[in-house]
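**Q** Sequential numbering from 23 applies to the sequence shown in this note's numbering.
We put the beta carbon where it would ideally sit given N, CA and C, even for glycine.
Next up is a structure, given as structure tokens.
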Amino acid sequence: MEKYFTELSLRYPQLQCVVPVLRQLADEVVELFRRDGTLFLAGNGGSAADAEHICGELLKGFISKRELSAADKELFSRIAGDKGSDIAGKLQYGLRSVSLLSHPALQSAFSNDVEPQLCFAQQLWAMGRKNDMVIGISTGGNAENIYDLFITARAKNIRTVLFTGEKEGRCREFADMVVAVPERETYKIQELHLPVYHTLCLAVESQFFN
């Protein structure tokens, strides 16, 4: 795991300041998945795409192929013969991650019927369990829907992690952990979030798959 933090520091010297908190976050995410917890993610605009991106790296192989075990392959073979074997040969193990951007019917209904700002909070309230974790991405740290999401997480005893920039936004009030990259402009913050969460995904993956 440590080699990925070293590589991040070498490739992006300006991000050395986030390595300690990122290392702690990676340890917590590993423990989360080991106890069969769920990592939820949310953001707006480009940060919404980042939330989806993180899920994409966790739900399938990132740099590891995550091949199914012989026992699981045999299970598929028993169920459906050659077809089962073909499926099992292509499936990969994943790590339980949910983007709160991925339910458009629910979001449109809740936005129309109740309150658009609470779409993320509603989904976490419905799906989240005690001791899960949610990462909220807000470059300025003031996104109202992330703020409300974190309050809802606190009510369910779900750990909150804020990915942000240097600004002292209001979301920090309910963030248990803050990963703040050293930039103040939105696009520059987003540019630095990418190597940070890639490093997180690499470090976590290395603890489960070779």
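Would you give the residue range spanned by the beta strand (DSSP E) that R181 belongs to?
**A** Counted as a single uninterrupted DSSP element, the beta strand (DSSP E) harbouring R181 occupies residues R181 to T186.
**Q** Are V203 and L184 close, meaning C-beta to C-beta below 8 Å?
**A** Result no, Cβ atoms of V203 and L184 do not sit closer than 8 Å.
**Q** What do you get for C141, buried or exposed, if any count of 16 or more other CB atoms within 10 angstroms of its CB means buried?
**A** buried
**Q** Using the Cβ count rule (16 or more neighbours within 10 Å means buried), how would you classify T161?
**A** In summary, T161 is buried, with 16 or more beta-carbon neighbours lying within 10 Å of its beta-carbon over all protein chains present.
**Q** So what's Q212 in DSSP terms, helix, strand or just coil?
**A** helix
**Q** Since I believe G65 is in contact with I159 (beta carbons under 8 Å), could you give me their beta-carbon distance rounded to a whole number of angstroms?
**A** 3 Å
**Q** What is the DSSP secondary structure of G111, counted as helix, strand or coil?
**A** coil
**Q** Please say whether R118 and L61 have beta carbons closer to each other than 8 Å?
**A** yes
**Q** Could you pull the start and end residues of the beta strand (DSSP E) that L61 belongs to?
**A** L61 to G65
**Q** Nearest to G83 by CA position, among G106, Q114 and A70, is which residue?
**A** Q114
**Q** Can you grab the Cα-Cα spacing for the pair T186 / N167, in whole Å?
**A** 14 Å
**Q** Measuring only the C-alpha atoms, how far is Y219 from F27?
**A** 11 Å
**Q** What residues match up with E202 in a beta bridge as DSSP calls it?
**A** It should be noted that the sequence gives Ala, not Glu, for residue 202. According to DSSP, A202 bridges with T186.
**Q** Looking only at C-alpha atoms, which of G78, S91, L90 and R181 sits nearest to R151?
**A** R181
**Q** Between the Cα of F230 and those of A197, E190, T208 and L54, spot the shortest distance and give me the residue it belongs to.
**A** Among A197, E190, T208 and L54, the Cα nearest to that of F230 belongs to L54.
**Q** For E137, name the three-state secondary structure that DSSP assigns.
**A** coil
**Q** Measuring alpha carbon to alpha carbon, tell me which residue in V226, Q212, N232 and S228 is nearest G67.
**A** Q212
**Q** Could you tell me which of A175, A93 and E188 sits nearest to S107, measuring between CA atoms?
**A** A93
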